[in-house]
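Line order of the protein sequences matches chains X and C. Position 81 (the first sequence) corresponds to 81 in the UniProt record's numbering; numbering is contiguous. Position 7 (the second sequence) corresponds to 7 in the UniProt record's numbering; numbering is contiguous. Where is the CB? At the ideal position from N, CA and C, for every residue including glycine. Everything numeric in this text was worked out from a predicted model, so none of it was measured. The structure under discussion appears below in the form of C-alpha cells.
Number of protein chains: 2
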Amino acid sequence: MTDLVYRNIIKDLKDRIQDNEFESKKLPDERSLSDSYGVSRSSIKRALNVLANQGIIFKKRGSGTFINPLYQKNQTIFQYEGSNLGVTDSFKSDGKTPQIKLLDFDVIPATKELQTELFLDPGEFVYRIKRLRSFENKPFMIEMGYIPIRVAPELNQEIVTGSIFNYIEDAKGKSVTKSFMTITANPSTNEDQKLLGLKPVEPVGVMEGIFFLDDGTPFEVSNMRIHYQYLNYNTFVDLDENQ
Amino acid sequence: MTDLVYRNIIKDLKDRIQDNEFESKKLPDERSLSDSYGVSRSSIKRALNVLANQGIIFKKRGSGTFINPLYQKNQTIFQYEGSNLGVTDSFKSDGKTPQIKLLDFDVIPATKELQTELFLDPGEFVYRIKRLRSFENKPFMIEMGYIPIRVAPELNQEIVTGSIFNYIEDAKGKSVTKSFMTITANPSTNEDQKLLGLKPVEPVGVMEGIFFLDDGTPFEVSNMRIHYQYLNYNTFVDLDENQ
DNA sequence: AAGTGGTCTAGACCACTAC
DNA sequence: TAGTGGTCTAGACCACTTA
Chain X
1 MTDLVYRNII KDLKDRIQDN EFESKKLPDE RSLSDSYGVS RSSIKRALNV LANQGIIFKK
61 RGSGTFINPL YQKNQTIFQY EGSNLGVTDS FKSDGKTPQI KLLDFDVIPA TKELQTELFL
121 DPGEFVYRIK RLRSFENKPF MIEMGYIPIR VAPELNQEIV TGSIFNYIED AKGKSVTKSF
181 MTITANPSTN EDQKLLGLKP VEPVGVMEGI FFLDDGTPFE VSNMRIHYQY LNYNTFVDLD
241 ENQ
Chain C
1 MTDLVYRNII KDLKDRIQDN EFESKKLPDE RSLSDSYGVS RSSIKRALNV LANQGIIFKK
61 RGSGTFINPL YQKNQTIFQY EGSNLGVTDS FKSDGKTPQI KLLDFDVIPA TKELQTELFL
121 DPGEFVYRIK RLRSFENKPF MIEMGYIPIR VAPELNQEIV TGSIFNYIED AKGKSVTKSF
181 MTITANPSTN EDQKLLGLKP VEPVGVMEGI FFLDDGTPFE VSNMRIHYQY LNYNTFVDLD
241 ENQ
C-alpha cells in the first residue's frame, strides 16, 4: 500500500464504485469528499481526474460527478488494454504466461532510422532480437526488437528468451511506462503464414512501437506482426487535455 | 485565444520548443518559469503535465525537465493521431476534406448489443447510417454508424451526408470529446473489395468505437472498415496515472 | 440563489539528483 | 549542500446548472 493520499483515494473510490455503494450513480460533491476523507479538495480533484481519465467517472460542472454507466454495466468494454505496455503482461492477466521462442539474436550497427528513434550516435550498436510468441501453443506474434547495447549491455540469450521488460524492472529498478505506437494492417508474407499458421488470404496486424523508460530514455524499438485474430487493441481517448 | 493561464503557457512553451529556443534540451526549472510567466508554480506544473502527457517533454525529479529528443527530431513520429476523434477532422488537417457517399440511411430497433453500448432501454430506436468515405476520390473507409434517435431526433439525409460530429457541435453546442475504440485486422469481404478497390488478398483494418458527448452520454456506435493502406493509428501510452 | 466543478494562488515539506 | 520535481494544504474567486 502506497502512502500517497491521492492514490489511496483512487483505490478506495474504485472499490466503492465496484461495490455499487453509490446507487444513484452520483458521487458526493468534492467538498464533501474532502471532509469525509480528511484531505484537501485539491487531492480529491486529483484522484477524480485520474478516474475520469480512465473513463470510470465523468464530471459535469454545476451538476456533479457521475459514474459512467457502462463501467458497471459492461465491464468487458472497459478492459483498457491499451494500458498494458508489454506483451507478457497483457496476457499474464489471464493466469497464463505466453511462451517465447527465440528465432534470432545478434548485434548490428544501428540504421539511420534506429539512430533517430532510439536517439543514438552514428556507429552505435543495437541488439536485434527476433522472437515468436505463442499462447497455449498457438503462435500469435512475430516480434522484432531493437535495444541499444548502451542501455542494457548485459543482455544474453537467457534474458531475451523471457520478458525483457520484467527483467529490466527487476534487475535495474527502472520500469517501462511510456510507449509510442503505430497500428496498421497488412497482407501476410510467406514467413508470416508459415510461422503464424495463416492462410494466404489472412492478414496480420502490425504494431510498431518505441518504448521508453520512466526517465524518458528510449529503450526499445519493436515491430510486431500479429495474427489477425489476436490483435485487439483497445483504447480510451479523451480530447480534454485539462487533465 | 483562450484566457486560461495554463493553456496559454502550454501554447507558448510548445512554440518555444518548436523554435528550438531551448538548445540544451532542458527547460528552465519550475520556480523560474513561475517567476518569468508571473504565475504560480501550480499553474506551471499543470501546463508541464499536459506537455508530458503528450510526450513532448519528460521530467526527472532532481534533475529537471527535458524536451523529448524525438519530438523535434522526427515530428512525423509524434503526429498523435489518436487524439483526432472524428474521421473528418483527422483528414482536414491536410487542407482537404474527405468526401462522403451515403449508402444507407434508416431507422431500426436497437439490438441487445446496441442497447448495452448506447445505454438504451428495450424498444428504443436508432438511426443506421452506412457511408463510404473517400479522399481525393479514393474510397478508404466503409462506415456503419448507429445513433439513438433520442439524442439527435432531427437527423436527416443532408446532415448525415456531412460530418455528424461537426453538426452536433454547431447545432447543439455539445462536443464529442471521448471515445472507446477497438482496433482489429480482418480479411476483406466481397463488399470491402468492391467498395474499397481491394484485391482478395488485401485486408481491412476494423475500428469499432463508442463515442461520447462531453457530458458522458454515449452518442454513437461506429464500425469502420478501412483500406489497409490508410489505417495508421498512432497512440501515446503513459502508464503513470500521476497525471 | 444555492450548489457544484474549474481555475489559480502562496507556501510548506518531502524525495531524489548532482556536486 | 543546493537544486529540482512531487505532494499536499487552505482558501479565493469564477462558470455553469438547477430550481
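> Leaving out five residues before and five after C/TYR228 in sequence, what residues of the same chain have Cβ atoms less than 7 Å from its Cβ?
Replying inline: GLU202, PRO203, VAL204 and GLY205
> Got a sec? Which residues, its chain only, sit under 6 Å from C/VAL39 by beta carbon, not counting five neighbours each side?
Replying inline: VAL5
> Per DSSP, what kind of secondary structure is C/PRO69 in: helix, strand or coil?
Replying inline: helix
> If we cut at 8 Å on Cβ distances, does X/ILE183 have a partner in chain C?
Replying inline: yes
> Touching or not, the stretch 140-160 of chain X and the stretch 189-202 of chain C, by the rule of three or more beta carbon pairs under 8 Å?
Replying inline: no
>> For the stretch 95-114 of chain C against the stretch 54-66 of chain C, do three or more pairs of beta-carbon atoms, one drawn from each stretch, fall closer than 8 Å, so that the two count as touching?
In response: no
> Is C/GLU23 helix, strand or coil by DSSP?
Replying inline: coil
> For the stretch 127-138 of chain C against the stretch 178-185 of chain C, are there 3 or more C-beta pairs whose distance is under 8 Å?
Replying inline: no
> chain X partners of C/ASP12, CB-CB under 8 Å?
Replying inline: Residues of chain X passing the Cβ test: none, with the nearest at roughly 15 Å.
> Who pairs with X/VAL206 in a beta bridge, going by DSSP?
Replying inline: X/THR184 and X/ARG225
> Which word fits C/LEU103, buried or exposed, when buried means at least 16 other C-beta atoms lie within 10 angstroms of its C-beta?
Replying inline: exposed
>> I'd like to know whether the C-beta of C/LYS26 is nearer than 8 Å to at least one C-beta of chain X.
In response: no
> By the criterion of Cβ-Cβ separation under 7 Å, what are the contact partners of C/PRO122 in chain X?
Replying inline: Residues of chain X passing the Cβ test: none, with the nearest at roughly 14 Å.
> What residues of chain C sit near X/LEU231, judged by a beta carbon separation below 7 Å?
Replying inline: THR184 and ALA185
> For X/THR161, which residues from the same chain have a beta carbon less than 6 Å from its beta carbon, with the 5 sequence-adjacent residues on both sides left out?
Replying inline: ILE100 and LEU102
> Roughly how many angstroms lie between the CA atoms of C/ASP15 and X/GLU23, to the nearest whole one?
Replying inline: 47 Å
>> With DSSP as the reference, identify every bridge partner of C/ASP3, one or two as the case may be.
In response: Partner(s): none; C/ASP3 has no beta bridge.
>> For a quick check, are the C-beta atoms of C/VAL210 and C/GLU117 less than 8 Å apart?
In response: A small fix is needed here, since residue 210 of chain C is Ile in this sequence, not Val. Yes, Cβ-Cβ distance for C/ILE210 and C/GLU117 is below 8 Å.
> Got a sec: is the Cβ-Cβ distance from C/SER83 to anything in chain X below 8 Å?
Replying inline: Here the model assigns C/SER83 a pLDDT of 49, short of 50, so the residue's position is not dependable, and the following value carries that caveat. With 8 Å as the cut-off, C/SER83 counts as an interface residue toward chain X.
> Using the beta-carbon of each residue, which ones in chain C are nearer than 9 Å to X/PHE236?
Replying inline: LYS178, SER179, PHE180 and MET181
> By how many angstroms is the C-alpha of X/GLU30 removed from the C-alpha of X/PRO69?
Replying inline: 20 Å
> Looking only at C-alpha atoms, which of X/LYS172, X/ASP19 and X/ILE17 sits nearest to X/ASP214?
Replying inline: X/LYS172
> Can you give, in chain order, each stretch of the alpha helix (DSSP H) that sits fully within the stretch 145-171 of chain X and has at least 4 residues?
Replying inline: 157-160
> What's the call for X/GLY55, buried or exposed, on a 16-neighbour Cβ count within 10 Å?
Replying inline: buried
>> With a threshold of 8 Å between beta-carbons, can X/LEU140 be considered close to chain C, or not?
In response: In the sequence as displayed, the identity of residue 140 of chain X is Phe instead of Leu. Judged by the 8 Å Cβ criterion, X/PHE140 is not in contact with chain C.
>> So for C/ASN53, helix, strand or coil by DSSP?
In response: helix
>> With H, G and I counted as helix, E and B as strand and the rest as coil, what does DSSP make of C/ASP121?
In response: coil
> If you draw a straight line from the alpha carbon of C/VAL237 to that of X/SER175, how long is it in whole angstroms?
Replying inline: 14 Å
> Does the Cβ-Cβ distance between C/PHE105 and C/GLN157 come in under 8 Å?
Replying inline: yes
> Under a three-way DSSP split, which group does C/LEU33 fall into?
Replying inline: helix
> Between which two residues does the beta strand (DSSP E) harbouring C/ASN234 extend?
Replying inline: 233-238
> First and last residue of the beta strand (DSSP E) that includes C/LEU103?
Replying inline: 99-109
> Taking the alpha carbon of C/ILE67 as the point to measure from, which residue in C/GLN18, C/ARG46, C/LEU120 and C/ILE226 has its own alpha carbon closest?
Replying inline: C/GLN18
>> Assuming the contact rule is C-beta atoms closer than 8 Å, C/ASP192 and C/ARG150 should be a hit. Round their C-beta distance to whole Å, please.
In response: That belief does not hold up - the Cβ atoms of C/ASP192 and C/ARG150 are roughly 32 Å apart, past 8 Å.
> With a cut-off of 8 Å, does the C-beta of X/GLY205 fall near any C-beta of chain C?
Replying inline: yes
> Using the beta-carbon of each residue, which ones in chain X are nearer than 9 Å to C/PRO200?
Replying inline: VAL201
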